[in-house]
Amino acid sequence: MSVVRNTFNPDETAMLGRVYQNGNFEGETAEQKEARASRIIANYMAGITDEAELIELSRRPLGR
C-alpha cells in the first residue's frame, strides 16, 4: 500500500521557503515563480532534500 502525502511539517515548510527565496532571479515573472515553486515541491517529494541541490534543480525544467 502506498502512502499519499499532502502536508509538510513546519521544518520542511521553512526549508522549502528558503529554497524558494534563495532561488529567485532578477526579472522573474509570476508564471516563472509559480513554475519554480512547483519544481521545488516536485523535486523535494521525489526525495531530494539538499537545499543547494533543490535551488539548482528548481531553475531547470522538470525531466521526464
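Residue numbering for the sequence shown follows my numbering, starting at 1 and increasing by one per position.
All residues carry an ideal CB built from backbone N, CA and C; glycine is no exception.
Since this is a predicted model, take the numbers as computed values, not measurements.
Classification of residue i by the beta-carbon crowding that lies within 10 angstroms, buried from 16 upward
i	result
residue 54	buried
residue 57	buried
residue 59	exposed
Assumed close pair residue i, residue j - CB separation to whole angstroms, cut-off 8 angstroms
i	j	result
residue 42	residue 62	6 angstroms
residue 48	residue 19	Their Cβ separation, rounded to whole angstroms, is 10 angstroms, which puts residue 48 and residue 19 out of contact at 8 angstroms.
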